[in-house]
Each structure stands twice: as structure tokens, then as C-alpha cells.
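Presented below is the structure to which this report refers.
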Ligand SMILES: [Zn+2]
Ligand SMILES: [Zn+2]
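In the numbering used here, the protein residues as written are 321 to 714.
See below:
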């Protein structure tokens, strides 16, 4: 029970004892009240039931010496008037207990209370770190702005994803301007060092006792001034264009995996490094194979005679088919393991190919096959083979 509730309830009064009552007095008082108020003795009496609950609650706290001590202490500290707060400065405490059902201060309350100060902080930090505002991330002073990371998606066939593939991805994004090679200056001219910040991209501003550095407004933090802007990119050094990136997908990539291609993202301002390109890979299903981790699964149809007599069968893999030996007497549904023919691993090597054999029963038999099979059935019976082991009551 929350301490706040403790303060609001007088357990001693509920039990009709004084606050210095002995444990024995408390026990006796409770037993008497419990008998009187018990729901069995007061059917359909909501008032008695409510009283019974409160008396039980009071007893639960006061009969436990440790809890009773805590209860007494709480009431001593916060007063037994029955109310927290009431202009005493504990309103925040009570409010937090009400809202979350738990105790303790919420520091956000404190800051909300001082909203004027919070606003002041916000303005200050915005000025320092977020000059770019909604236009993008704040420029990194004294260093040209790195290009943004880009996200793309690609859907690959099962085999391409498993074996790895190099595939083109078309991106429409800002790239270094081809006319000025990203410098932002008209061909034949070049940017000059910003005289305001001497190329650092930062200026200092004094405010009272403090000195703040902020991005230079003349060069917008880039450290250089373009006098003759490139006509194709208006001096930004960046042009939106559609480009095709050849993405090398490593072998063994799984559905939903995200691949990072360093430096293939958006071009930076005026020759700054490009961002990265993240490609989320979707992998299509395959008609023949499924995958669990690094293992490939294939279900291989076989005939009864191949299982009974044993056989070497040809099994497809992602590359060259392999011959797999089926031992004589292999049960239907057994999985055979072909090592190293599964999904290539990043660290080298590959998982396994798991071949599950399943009997294919011919829908039609020609005369010769039917005759042979009948003859076989006779021989099987005479040999004493019982597929059901007798449990079917045969
Ligand atoms: Zn340009
Ligand atoms: Zn400058």
C-alpha cells in the first residue's frame, strides 16, 4: 500500500484502539471486529463488508511490528491530518502518486514548473547546435558537411541472396555536381577562404561572461566563399540526379538483413565525404530449397525401392548437383546430411545441405510393374514383415 494512503487512514481508529496499544490489544480488537463484520454474519450488507475490508487492512499493517513502525513513522513525518500537500509543498509528490500509482518525485514536474527557464535553455542550445533548423543536421563547423546516409531496398532471388551477387540499384538523390565536381564554384574559378572566420567555419560571440562559438554566417560554416557559383548547382556543389550503384551483395544474406555500403550515400557539400547507403534485402522464396540458418533444406522424392534397396541419387544444390548415397533400408522421411553444400558463411566454408527423402507412390502401374509388385507383396508377407507391428489387430 502506498504511504500516501497510510497517511490518509487512521488504522488505530478503525480498530478502536489507541496509538500506543499493545500487539495483544490490537489482535483482540481485530478478532472482535472481524467476527461482527464478517460477510458471513452480514449477508448483503455492503457497509459491513466495506468496514470489514478496512479493519482487515488496518490489522494487516498494525499486526506486523515492522509495518506498524513504518506506518507510525510516515504519519509522524507527514502529519496525521489525513491530507498530503494542501499548500505544504508536497503537491507534486501527491500528484505523482496519483498519476502513476507509485511514489516519488517526477523531475519533469520540477522543470515544467520552471518553464521560463526551460525555454531559455532550449533557445540557447538551439543557437549553438541547430542553426540549420529544419533544413538538415547542423553543419559541423570547420569541416565540410558529410552527406546524409541513404536507405534503399532490394528484392533478390533466393539463389542470388544465398550465393552472393553484384546487382545495380538505381538511386535518385543528391550527388556531387558533375559540372563543378562538388566544389560549388563555376568551372574555371575556385572557392576562396572565408575572411570572416579564416576558413574555420566558426565565429565567437560574447554574451555576458560567456563566449560562444557558432557557425560562421558568411560561409554557413563551410569555411569557404564561392564568388562565382556553379550554374548547375547554384553553388551548393550538389545536384540531384539518378545514379546507378552496383551493389555487391555478400553470399548468405538473409531476408530482412540491412547491408551498409560505405560512401555510397548522399554526396557531401562541396566535396565533403559522402554518407553511407543502407540496403535492406528482401529474399524471395525458392521452388526447391528452403533455408534454416546456414543449412539448406531440400525435399527429395524417392521410390520405395530406392529406400528399400539403397541407391545413389542425384540431388540439386545451389551449384553443381551432387550424388547422394541412400543406404538400403532408409525409412521414409529421413533427412540425410551433405556437408558443406549449404549456405556460404561469411567466415568461410558453408552450412550443410539437408536432404529429406519422401516416397513417391506411382499413380498408375503398368502390367509388368503391377505383376512384380503383387509378387513382391506375397514375398513380403511370407517373410513375416508387418509394417504395423501387430498394433492394428492384424
Ligand atoms: Zn556545380
Ligand atoms: Zn566563414
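From the three backbone atoms N, C-alpha and C, an ideal C-beta is built for every residue, glycine too.
* Asked: To the nearest angstrom, how far is it from the Cα of residue 582 to the Cα of residue 520?
  -> Within the chain shown, residue 582 is the residue found at index 262, counting from 1. Within the chain shown, residue 520 is the residue found at index 200, counting from 1. Using only the alpha carbons, I get a separation of about 27 Å.
* Asked: If you compare alpha carbons, which of 604, 598, 554 and 539 is closest to residue 567?
  -> Along the chain shown, one-based indexing puts residue 567 at 247. It is 598.
* Asked: Just curious, the beta strand (DSSP E) that residue 656 is in, first and last residue?
  -> As a first step, residue 656 is located in the chain shown; it is residue number 336 there, counting from the start. Residues 655-658.
* To do: Using three-state DSSP, classify residue 542 as helix, strand or coil.
  => For this step, residue 542 is matched to residue 222 along the chain shown. Coil, per DSSP.
* With DSSP collapsed to three states, give me the class of residue 443. => Translated into positions along the chain shown, residue 443 becomes position 123. Bear in mind that the predicted position of residue 443 carries a pLDDT of just 32, short of 50, making it too unreliable to give a figure here.
* **Proximity winner among 553, 674, 653 and 646, relative to residue 613 (alpha-carbon distances)** => Within the chain shown, residue 613 is the residue found at index 293, counting from 1. For the residues 553, 674, 653 and 646, the minimum Cα distance to residue 613 belongs to 674.
* Asked: Quick one: what does DSSP say residue 476 is sitting in, helix, strand or coil?
  -> As a position in the chain shown, residue 476 is number 156, starting the count at 1. Here residue 476 sits in strand by DSSP.
* Asked: When you compare each of 579, 571 and 512 to residue 555 by their alpha carbons, which one comes out closest?
  -> In the chain shown, counting from the first residue as 1, residue 555 sits at position 235. Looking at the Cα atoms, 512 is the closest of the given residues.
* To the nearest angstrom, report how far apart residue 587 and residue 557 are at their CA atoms. => On the chain shown, residue 587 is found 267 positions in, with the first residue counted as 1. On the chain shown, residue 557 is found 237 positions in, with the first residue counted as 1. C-alpha separation (whole angstroms): 9 Å.
* Asked: Alpha carbon to alpha carbon, what distance is there between residue 528 and residue 415?
  -> Stepping through the chain shown from its first residue, residue 415 is reached at position 95. Stepping through the chain shown from its first residue, residue 528 is reached at position 208. Legend: pLDDT at residue 415 = 33, less than 50; position of this residue unreliable, no value from coordinates given.
* To do: Starting from residue 577, trace the alpha helix (DSSP H) both ways and give me its first and last residue.
  => Indexing the chain shown from 1 puts residue 577 at position 257. First-last for residue 577: undefined, no H or E at that position.
* Under 7 Å Cβ to Cβ from residue 478, same chain only, skipping five residues before and after it: list those, please. => Against the chain shown, residue 478 aligns to sequence position 158. 603, 604, 605, 606 and 609.
* Three or more C-beta pairs below 8 Å linking the segment 531-545 and the segment 467-485 -> no
* Reducing DSSP to helix, strand and coil, say where residue 471 ends up. => In the chain shown, counting from the first residue as 1, residue 471 sits at position 151. Residue 471: strand per DSSP, three-state reduction.
* Keeping to the same chain, check which residues put their C-beta closer than 6 Å to that of residue 524; ignore five residues upstream and five downstream. => On the chain shown, position 204 is the one that residue 524 refers to. Within the same chain, residue 524 has close Cβ partners 531 and 533.
* DSSP state of residue 338, grouped into three classes? -> Locating residue 338 in the chain shown gives position 18, counting from the first residue. DSSP places residue 338 in coil when its eight states are reduced to three.
* Asked: Of all residues in the structure, which have a C-beta closer than 5 Å to any heavy atom of ligand 1, taken in chain order?
  -> 497, 499, 500, 550, 552 and 553
* Should residue 538 be counted as a contact of ligand 2 given a C-beta to heavy atom distance under 6 Å? -> The count along the chain shown starts at 1 and reaches residue 538 at position 218. Residue 538: yes, Cβ under 6 Å from ligand 2.
* To do: Would you kindly work out how many angstroms separate the C-alpha atoms of residue 629 and residue 651, rounded to a whole number?
  => By 1-based counting over the chain shown, the position of residue 629 is 309. By 1-based counting over the chain shown, the position of residue 651 is 331. So the two alpha carbons sit approximately 11 Å from each other.
* Asked: Going by the C-beta, is residue 586 closer than 6 Å to any heavy atom of ligand 4?
  -> With respect to ligand 4, the structure shown offers nothing to examine, as its ligands consist of ligand 1 and ligand 2.
* To do: Compute the distance between the beta-carbons of residue 569 and residue 484, then report whether it is under 7 Å.
  => Along the chain shown, read from residue 1 onward, the residue named residue 569 stands at position 249. Along the chain shown, read from residue 1 onward, the residue named residue 484 stands at position 164. Yes, Cβ-Cβ distance for residue 569 and residue 484 is below 7 Å.
* Using a threshold of 7 Å, state whether the C-beta atoms of residue 546 and residue 505 are closer than that. => Residue numbering aside, residue 546 sits at position 226 when the chain shown is read from its first letter. Residue numbering aside, residue 505 sits at position 185 when the chain shown is read from its first letter. Against a cut-off of 7 Å, the Cβ pair of residue 505 and residue 546 comes out as a contact.
* Buried or exposed (CB count within 10 angstroms, at least 16 for buried), residue 696 -> Numbered from 1 along the chain shown, position 376 holds the residue referred to as residue 696. Exposed.
* Other residues of its chain near residue 659: CB distance less than 6 Å, five sequence neighbours each side excluded -> Your numbering for residue 659 matches position 339 in the chain shown. Here the set comprises 672.
* Is residue 516 near ligand 2, with its Cβ less than 6 Å from a heavy atom? -> Translated into the one-based positions of the chain shown, residue 516 becomes position 196. Yes - ligand 2 has a heavy atom lying nearer than 6 Å to the Cβ of residue 516.
* To do: Kindly identify the DSSP beta-bridge partner or partners of residue 527.
  => Taking the first residue of the chain shown as 1, we reach residue 527 at position 207. DSSP, once it has assigned bridges, lists 530 as partnering residue 527.
* In the DSSP assignment, what are the bridge partners of residue 723? -> Missing from the structure shown is residue 723; the chain here goes from 321 to 714 and no further.
* Residues near residue 516 by beta carbon distance below 6 Å, same chain, minus five either side -> Here residue 516 refers to the residue found at position 196 of the chain shown. So the list reads 536 and 538, once near-sequence residues are dropped.
* To do: Please classify residue 637: is it buried, with 16 or more other beta-carbons within 10 angstroms of its beta-carbon, or exposed?
  => Position 317 of the chain shown, counting from 1, holds the residue named residue 637. Classification for residue 637: buried.
* Does the beta-carbon distance from residue 580 to residue 596 come in below 7 Å? -> Walking along the chain shown from the start, residue 580 turns up at place 260. Walking along the chain shown from the start, residue 596 turns up at place 276. Cβ distance < 7 Å, so residue 580 and residue 596 count as in contact.
* Asked: For residue 621, which residues from the same chain have a beta carbon less than 7 Å from its beta carbon, with the 5 sequence-adjacent residues on both sides left out?
  -> As a position in the chain shown, residue 621 is number 301, starting the count at 1. Closer than 7 Å at Cβ, skipping near neighbours: 678 and 680.
* Asked: The alpha helix (DSSP H) spanning residue 379 covers which residue range?
  -> For the purposes of this step, residue 379 is taken as residue 59 along the chain shown, with counting starting at 1. Here the alpha helix (DSSP H) through residue 379 covers 366-382.
* **C-alpha distance - residue 522 paired with residue 541, whole-angstrom precision** => One-based indexing of the chain shown puts residue 522 at position 202. One-based indexing of the chain shown puts residue 541 at position 221. Roughly 6 Å between the two C-alpha positions.
* What is the DSSP secondary structure of residue 605, reduced to helix, strand or coil? -> Stepping through the chain shown from its first residue, residue 605 is reached at position 285. In this structure, residue 605 counts as coil in the three-state DSSP scheme.
* How is residue 643 classed by DSSP in three states: helix, strand or coil? -> Position 323 of the chain shown holds residue 643. Reduced to three states, the DSSP call for residue 643 is strand.
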